[in-house]
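All you need for our numbering is the position in the sequence shown, starting with 1, plus 4. Contents: one structure, followed by commentary.
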Amino acid sequence: LLVEMATLQLTNPNELISTSSIPTPFHHKILPFRECVSQRRSTFRKRRHFGVVSCSFHPVESAKIKVVGVGGGGNNAVNRMIGSGLHGVDFYAINTDAQSLLQSAAENPLQIGELLTRGLGEAIEKLQKNVDTLIVIPNDRLLDIADEQTPLQDAFLLADDVLRQGVQGISDIITIPGLVNVDFADVKAVMKDSGTAMLGVGVSSSKNRAVEAAEQATLAPLIGSSIESATGVVYNITGGKDITLQEVNRVSQVVTSLADPSANIIFGAVVDDNYNGEIHVTIIATGFSQSFQKTLLTDPKAAKLIEKVTGGQESKGMPFSLNSSTLPSTVPSRPSPRKLFF
């Protein structure tokens, strides 16, 4: 099966926070981060002093998220992301076929010459040398998770859905303020020069939704990996107003029990009315050993790896994140997992 790619790019231009809201007629001076100047004036009538604090902020980093669909499959994945209402992202479509680009919903189409195209293996090798983090989703792995009765089109939609949920999850982590906030600097701290990484997304609305969503996110069968032994983890928990502190803690226990004991773990929590009744967990795991990274890139089916992670209990017919109630509870635990709250 041919694999065509959708690439996620993060850039961080400097943006200066406006000081236009600071009262005039006082003069504002650009000062180091969070440094403030207090200015005073007096009114002789009441003989009272009033102070005005003028604060200047150091330029802060923001993120531009770009999704680039390469080839027919990548262009189709971009079209489905746009159709699903994915927001906060700039979309690009690259193809050698002008007719295909005319069908693209991306606002930035780009036609390239056929002589510029190369095989996927060479493309992945070049990408790995020029990016901080590389997440590979081979379509060959669909054979490991799709039922024999799964229609071809539905099977490919599984891969597209992983891409869509992953991009949405990363966008939400970076751009949406939360009760426990994760910003672009946190994501960079984990993903900088990290090599091959794992992306997991879990969704559940069942009675045991916290654990099920966490287990879905930590075991990513379409990527062929888990967060086990990861030394860098960023994860975000999103739920409605009905999400409880205990549920957030259960998600955290699942994640921390699998990651390396010394891992740099950054977590965020967002309350969104659109998620009432369900919990979404998005995980980016990095810092795997070189041998493990090589396994992810060179073993397209990864059946042995999946069997090792799940203890041989995973169903080959399990669609990724489509029916959380069918997921097995096979996440191994350590004797004393770190607890987030208590």
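We treat Cβ as the ideally placed atom computed from N, Cα and C, and that holds for glycine.
Residue range of the alpha helix (DSSP H) that T179 falls in?
-> T179 -> alpha helix (DSSP H) spans L156 to T179.
Out of F292, G281, E129 and T235, which has the shortest C-alpha to C-alpha gap to I270?
-> Out of F292, G281, E129 and T235, the CA that lies nearest to the CA of I270 is found in T235.
Pair within 8 Å by beta-carbon distance, A218 and V259 = Result yes, Cβ atoms of A218 and V259 sit closer than 8 Å.
Assuming V255 and A214 make a contact with CB atoms under 8 Å, what is their CB distance in whole Å?
-> About 5 Å separates the two Cβ atoms, so the contact holds.
Would you kindly work out how many angstroms separate the C-alpha atoms of Y239 and T179, rounded to a whole number?
-> Rounded to the nearest angstrom, the two C-alpha atoms are 14 Å apart.
Taking just the CA atoms, how far does T100 sit from G291?
-> Straight-line Cα distance between these residues: approximately 35 Å.
Taking C-alpha atoms, which residue in A221, S209 and L262 lies nearest to G243?
-> Measuring from the Cα of G243, the nearest candidate turns out to be S209.
Measure how close the beta-carbons of H284 and V207 come, nearest whole angstrom, since I'm counting them as under 8 Å.
-> Separation of the CB atoms of H284 and V207 is rounded to 5 Å, and the pair is thereby assigned contact status at 8 Å.
Ignore the nearest five residues each way along the sequence and tell me which others in D164's own chain have a CB closer than 6 Å to its CB.
-> The beta carbon of D164 sits closer than 6 Å to those of A81 and R84, all from its chain and outside the five residues before and after it, given in chain order.
Under 8 Å between C-beta atoms of S175 and I69 | It is a contact, given that the beta carbons lie within the stated cut-off.
Less than 8 Å separating the beta-carbons of L203 and I231?
-> In this structure, I231 does not lie closer than 8 Å to L203 by Cβ.
Comparing alpha-carbon positions, which option in Y279, N79 and G89 lies nearest Q103?
-> Checking every option, the nearest Cα to that of Q103 belongs to N79.
What are the partner residues of S208, as DSSP defines its beta bridges?
-> In DSSP, S208 forms a bridge with I283.
8 Å Cβ shell around Q132 - same chain, five flanking residues per side excluded = Listed in chain order, the non-local C-beta contacts of Q132 below 8 Å within the same chain comprise L138, G199, T200 and L301, local neighbours out to five positions each way being set aside.
Take V93 as the anchor and find which of F160, V71, G76 and P113 has the nearest alpha-carbon.
-> For the residues F160, V71, G76 and P113, the minimum Cα distance to V93 belongs to V71.
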